[in-house]
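Read the structure below first, then the notes.
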Amino acid sequence: QVGQVIGYGLDENGDAVNVHIFVDAPHDNHVTEDARFWNASGVNLSLDAEGFSVQTGSMASILAGGVAFSPADELDIQAAEPNSIFNLHASQAQAMADPDGEPMLINFRFYHTVRGLKLGAPVDFRGLELGSVVDIDMEFDREQRKFYALVQARIYPLRFGPLYERLTEVDKDPHIARAHLLENMVARGLRGQMRSANLLTGQQYVALEFFNDAKDVAFNGTEYPVVLPTVTGDMDRLQQQLGSIVSKIDALPLDKLVQDVRDTLQSVTSLLTGVDGEVTPELASTLQAVRKTLTAVDRFVDEGTATAGGLDSTMRELTAAARALRTLADHLQAQPGSLIRGAPRDRLEVSP
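Quick note on my numbering: the sequence shown kicks off at 1253 and runs consecutively.
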């Protein structure tokens, strides 16, 4: 504890509460010109699109309430003058955030359910939080004769960074710069879309994204608050596609198709029955003829085996006869007179 709250009360216009604090020396040197103050009373529990968060101060501030502060820039050591006026933020995160400049209001018209979209839900542009939802109302479109949710958000164009800064250099009037920025982005397909931020809690947020297939719309960036065009969410698109598929299925003449299938099956059954009655007898007679042919071939093969054995014996006899004739021819060629005189006697005599 470095000081205490010494008083509070409404301002002259009744639009704000003035809280008077006193910081004891030497801690008053830490109250610099860019110091940030926030409410540190009690325990801050929140469940939003970002999830569940808990913020607490010191034990004394939890029990009795309090105000915390911190220099925004550690390099800034210039102490603030006495009776300086600072803004008191609701949380440390809001207090320590970079200056956002002047906010602007934009409206979204969602023609589908906005269940899960709460006040304070982020307005996101490709991961960069530009602002938050501040109001949700139900309106009626007389032209389309349907209800829609009018979602109002507060965004900070300065969070676009150098792009917005360059536009303000060209257009000195910040309102004209904002109008040109949004008109160019909408012409390129910028649309608002509800998306799921937390599957467990069902929290939704508003995303600003470019869609190449977005239809051209009339957009006036100079009106206030500006109405940004929207597209249906991913889940709604899926439901529409499923509904379209179901409608096409319902439009099919299913009864006629089923009857046509039944008629076709009956025709096929009749055809198969006729084929079976006409072709089966012919197939049976053909098989009988084939069996007879195979039996005759088998018998011929058996008879051919016996004939082949007789032919083999005859061939051996003919070979022996040819060999004998060849021997006789060789003998007559060597001794032709033997055909008249006969074979000569052996010249060797047996000794007595």
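C-beta atoms are modelled at their ideal positions from N, C-alpha and C, and glycine is treated no differently.
Per DSSP, the unbroken alpha helix (DSSP H) holding Val1438 starts and ends at Pro1426 to Ala1439. Using a C-beta cut-off of 8 Å, the segment 1398-1407 makes no contact with the segment 1419-1426, since fewer than three inter-stretch Cβ pairs fall below that distance. Annotation: Phe1362 to Ala1401 spans about 5 Å, alpha carbon to alpha carbon. In terms of Cβ geometry, Met1356 and Arg1440 do not form a close pair [threshold 8 Å].
Secondary structure at Val1275: strand, using DSSP grouped into helix, strand and coil. Excluding the 5 residues flanking it on each side, Ile1358 has same chain C-beta neighbours closer than 7 Å at Ala1405, Ile1407, Pro1477, Val1478 and Leu1480, in chain order.
If you draw a straight line from the Cα of His1432 to the Cα of Gly1473, it comes to about 7 Å. Taking the CA atoms as reference points, Val1483 sits about 6 Å from Gly1444. Bounds of any alpha helix (DSSP H) do not take in Val1319; it lies within the beta strand (DSSP E) bounded by Val1319 to Pro1323.
Excluding the 5 residues flanking it on each side, Asp1387 has same chain C-beta neighbours closer than 6 Å at Gln1404, in chain order.
Scanning His1282, His1279 and Phe1338 for the CA closest to the CA of Trp1290 turns up Phe1338.
Rounded to whole angstroms, the Cβ separation of Val1375 and Gly1383 is 5 Å, and the two are in contact under 8 Å. Counting only the Cα atoms, Gln1330 lies some 43 Å from Asn1436. For Val1513, the number of other beta carbons within 10 angstroms of its own is below 16, and it is reported as exposed.
Glu1333: not part of any alpha helix (DSSP H); DSSP gives it neither H nor E.
For Tyr1408, the secondary structure class from DSSP, reduced to helix, strand or coil, is coil. With a contact defined as Cβ atoms closer than 8 Å, Val1271 and Leu1262 miss out at about 11 Å. In this structure, the beta-carbon distance from Ala1332 to Val1283 falls below 8 Å. The C-alpha of Leu1460 lies about 13 Å from the C-alpha of Ala1373. Counting other Cβ atoms within 10 Å of its Cβ, Phe1377 reaches 16 or more and is therefore classed as buried.
No Cβ-Cβ contact shorter than 8 Å links Ala1345 with Ala1320. Distance from the Cα of Leu1442 is smallest, within the candidate group Val1458, Ala1287, Phe1274 and Leu1451, for Val1458. Residue environment: Phe1360 is assigned as buried (16 or more neighbouring CB atoms within 10 Å of its CB, all protein chains considered).
When the alpha-carbon of Tyr1260 is set against those of Pro1278, Gln1253 and Gly1318, the nearest one is in Gly1318. Shown here, His1282 sits in a helix according to DSSP, grouped into three states. A residue is called buried when at least 16 other Cβ atoms come within 10 angstroms of its Cβ; Gly1379 does not meet this threshold and is exposed.
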